[in-house]
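Q: All the letters of the sequence shown, read from the start, carry residue numbers 749 to 834 under our numbering.
Backbone N, C-alpha and C define an ideal beta-carbon position, used for all residues, glycine too.
Please find one structure pasted underneath; my questions will follow.
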Amino acid sequence: MNKQLFKTKRALGLVILVSTISGCASALCDAQTDRAIDPLQQESERVRCERLVEDAMAEHKSERERDNEAQLKVSMSKHLKAKPSH
Numbered sequence: 749m750n751k752q753l754f755k756t757k758r759a760l761g762l763v764i765l766v767s768t769i770s771g772c773a774s775a776l777c778d779a780q781t782d783r784a785i786d787p788l789q790q791e792s793e794r795v796r797c798e799r800l801v802e803d804a805m806a807e808h809k810s811e812r813e814r815d816n817e818a819q820l821k822v823s824m825s826k827h828l829k830a831k832p833s834h
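Below you can see the structure in the form of structure tokens.
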């Protein structure tokens with residue numbers, strides 16, 4: 749089950765990268781959960797899907813922030829090494 753959850757989360761993460769529309773979690777999940785017949789199951793799947801999308805978005809944002817911080821540190825280090833001493 750964890751492998752399936754990871755694959756779903758990863759796939760949703762890729763879709764999120766492409767989609768920048770406000771409320772994309774709801775739109776993406778509505779399309780994915782329309783095939784459920786039972787309304788309770790459909791709602792449950794929609795909520796689960798939205799949670800996965802929101803988690804993936806937060807994870808992507810966090811990764812982007814870590815990458816930016818790492819790039820800043822590298823740039824600062826290069827700048828400080830290149831600066832002539834007086």
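Between the alpha carbons of Glu817 and Leu800, how many angstroms are there, rounded?
A: Start at 1 with the first residue of the sequence shown, and residue 817 comes out as number 69. Start at 1 with the first residue of the sequence shown, and residue 800 comes out as number 52. Going from the Cα of Glu817 to the Cα of Leu800 covers about 26 Å.
Q: Since Glu798 and Ala773 should fall inside the 8 Å C-beta cutoff, what is the C-beta to C-beta distance between them, to a whole number of angstroms?
A: Residue numbering aside, residue 798 sits at position 50 when the sequence shown is read from its first letter. Residue numbering aside, residue 773 sits at position 25 when the sequence shown is read from its first letter. Their Cβ separation, rounded to whole angstroms, is 5 Å, which keeps Glu798 and Ala773 in contact under 8 Å.
Q: Taking all protein chains shown into account, do 16 or more other C-beta atoms lie within 10 angstroms of the C-beta of Ala806, making it buried, or fewer, making it exposed?
A: What you label residue 806 is simply residue 58 of the sequence shown in a count that begins at 1. Label assigned to Ala806: exposed.
Q: When you compare the CB positions of Arg794 and Asp815, do they come within less than 8 Å of one another, or not?
A: Residue mapping note: residue 794 aligns to position 46 of the sequence shown, counting from 1. Residue mapping note: residue 815 aligns to position 67 of the sequence shown, counting from 1. Cβ atoms of Arg794 and Asp815: not closer than 8 Å.
Q: Does DSSP put Asp783 in a helix, in a strand, or in coil?
A: Counting from 1 along the sequence shown, the entry for residue 783 is found at position 35. Asp is not the amino acid found at residue 783; the sequence shown has Arg there. In this structure, Arg783 counts as coil in the three-state DSSP scheme.
Q: What separation, rounded to the nearest whole angstrom, lies between the Cα atoms of Gln819 and Arg783?
A: In the sequence shown, residue 819 corresponds to position 71, counting from 1. In the sequence shown, residue 783 corresponds to position 35, counting from 1. The alpha-carbon atoms of Gln819 and Arg783 are separated by roughly 44 Å.
Q: Between the alpha carbons of Gln790 and Arg796, how many angstroms are there, rounded?
A: As a first step, residue 790 is located in the sequence shown; it is residue number 42 there, counting from the start. As a first step, residue 796 is located in the sequence shown; it is residue number 48 there, counting from the start. Their backbone Cα atoms lie some 10 Å apart in a straight line.
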